[in-house]
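Encoded structure:
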């Protein structure tokens, strides 16, 4: 699979699937080995327990749901998830 967005995990966390909690880091397009940011949403998968955080750089503006959907469409199937915000 080719990842079209930075994708990783939050060290020291556990998701319901037993692995570390995954995250899309939406910001810089160049590959990164680590990043810090603000979680703005969760991609809640409707058919499994492997939800993903949506993280942006601290200084970034908030993305709307359409921008998040466009950024994660390489991995997520439309209609198989919802975007949850706090």
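Residue numbers (our numbering): 1 to 86.
We put the beta carbon where it would ideally sit given N, CA and C, even for glycine.
Apart from the five residues on each side of it in sequence, which residues of its chain come closer than 8 Å, Cβ to Cβ, to residue i?
i	result
residue 81	43, 44, 45, 46
residue 58	36, 37, 38
residue 12	20
Looking only at its own chain, which residues have a Cβ that is under 6 Å from the Cβ of residue i, when we skip the five neighbours before and after it?
i	result
residue 74	4
Where does residue i sit, in a helix, a strand or coil, going by DSSP?
i	result
residue 60	coil
residue 83	strand
residue 15	coil
residue 67	helix
residue 72	helix
Indicate, with yes or no, if the ligand HEM has a heavy atom lying under 7 Å from the CB of residue i.
i	result
residue 46	Among the components modelled here there is no ligand, and therefore nothing to report on the ligand HEM.
On a CA-only basis, which of the options is nearest residue i? Give me that one, please.
i	options	result
residue 39	78, 77, 66, 22	22
residue 65	59, 32, 78	78
residue 34	50, 49, 9, 1	9
residue 49	7, 83, 18	18
Touching or not, the stretch 50 to 57 and the stretch 22 to 29, by the rule of three or more beta carbon pairs under 8 Å? Contact holds: three or more Cβ-Cβ distances are below 8 Å.
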